[in-house]
Amino acid sequence: MGRVLLTGFEPFGGEAVNPAARAVSKLAGKSIDGYEIIARVIPTVFGKSAQAVQDAIREFEPEVVISVGQAGGTHSIRVERLALNLDDASIPDNEGNQPRDSAIVPDGPVAYWSTLPVRAIVETLTGNMIPAYISYSAGTYVCNHVFYATSHFVAANKLPIKVGFIHVPYLPEQVVRKPHVPSMSEEMIVQALEIAVAVSVSGGQAN
């Protein structure tokens, strides 16, 4: 049985929950199209988050790594296409770090493309009535940090692993006191991740 590593961040920015952590935890140990799901909740901390993903890759040797993060204010599942070599935090992480204008890997490429079948994932999601779109910016906070660092780790070590990142909206419970801010049910987010995994392991090429 192959393995897919799903990671989700712990709560940050004053939130009590993080939909990314909640959703990936719901999938822990499940099998999707013959692949076992390994789920890990990782710290919303520059450096430590990337190290946690790399440690899990060494331990489990997955074929696919999909990291998942919260994008408060988004109305859809955002399948990220590009990871930038830039840390530029508008708020501190959970340990008070706030890097500005810093390269994640000083001698690394400017960016990495996702190696997931991004368009096929989005088309399958929308075909299943789940709002989704291709995003060309994962930001410059810890989400992008993990996406870039994981992509660089896989590329530098020539590992046969697909790497990508997905942003998800707030949960309804997070927007009760945030008027006019969109949200998505936990059930739909979990379904979206199941679909993303199934499409990613189906043999589709990155696009």
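First residue of the sequence shown: 125, per this note's numbering; consecutive thereafter. Built from N, CA and C at the ideal position, the CB exists for glycine as well.
With DSSP run on the structure shown, which of helix, strand or coil describes residue i?
| i | result |
| --- | --- |
| Ala195 | coil |
| Phe289 | strand |
| Thr264 | coil |
| Arg301 | coil |
| Val325 | coil |
| Ala180 | helix |
| Ser173 | helix |
| Ala140 | coil |
| Ser149 | helix |
Using the Cα positions of residue i and residue j, report the straight-line distance between them to the nearest angstrom.
| i | j | result |
| --- | --- | --- |
| Lys154 | Asp179 | 21 Å |
| Val292 | Ala147 | 10 Å |
| Asn331 | Asp157 | 21 Å |
| Ser214 | Ala235 | 20 Å |
| Thr239 | Val321 | 13 Å |
| Leu249 | Gly327 | 17 Å |
| Gly126 | Val323 | 14 Å |
| Pro296 | Glu139 | 13 Å |
| Lys150 | Phe136 | 20 Å |
| Val278 | Ala174 | 12 Å |
| Arg301 | Thr264 | 26 Å |
| Trp237 | Pro230 | 18 Å |
| Asn281 | Val287 | 13 Å |
| Ser309 | Arg164 | 21 Å |
| Glu311 | Glu247 | 19 Å |
| Glu183 | Gly251 | 35 Å |
| Ser226 | Thr168 | 17 Å |
| Pro306 | Leu283 | 38 Å |
| Ala262 | Thr274 | 14 Å |
| Ile181 | Gln315 | 24 Å |
Is the Cβ-Cβ distance between residue i and residue j less than 8 Å?
| i | j | result |
| --- | --- | --- |
| Ile162 | Pro143 | no |
| Ile290 | Val203 | yes |
| Gly196 | Tyr294 | yes |
| Asp212 | Val266 | no |
| Ala207 | Tyr159 | no |
| Val189 | Ile313 | no |
| Tyr260 | Arg205 | yes |
| Leu317 | Leu130 | yes |
| Pro255 | His304 | no |
| Gln222 | Phe133 | no |
| His276 | Phe170 | no |
| Arg243 | Ile258 | yes |
Roughly how far, in whole angstroms, is the beta-carbon of residue i from the beta-carbon of residue j, given that I think they are within contact range, below 8 Å?
| i | j | result |
| --- | --- | --- |
| Gln298 | Val192 | Incorrect: roughly 15 Å between the Cβ atoms, too far for contact. |
| Ala176 | Ile166 | 4 Å |
| Asn209 | Pro233 | 6 Å |
Taking Cβ positions only, does residue i come closer than 8 Å to chain B?
| i | result |
| --- | --- |
| Glu247 | This model lacks chain B altogether; it includes just one protein chain. |
Give, in chain order, every unbroken run of the beta strand (DSSP E) that is at least 3 residues long and sits entirely within the region 200-275.
201-204, 206-208, 235-237, 256-259
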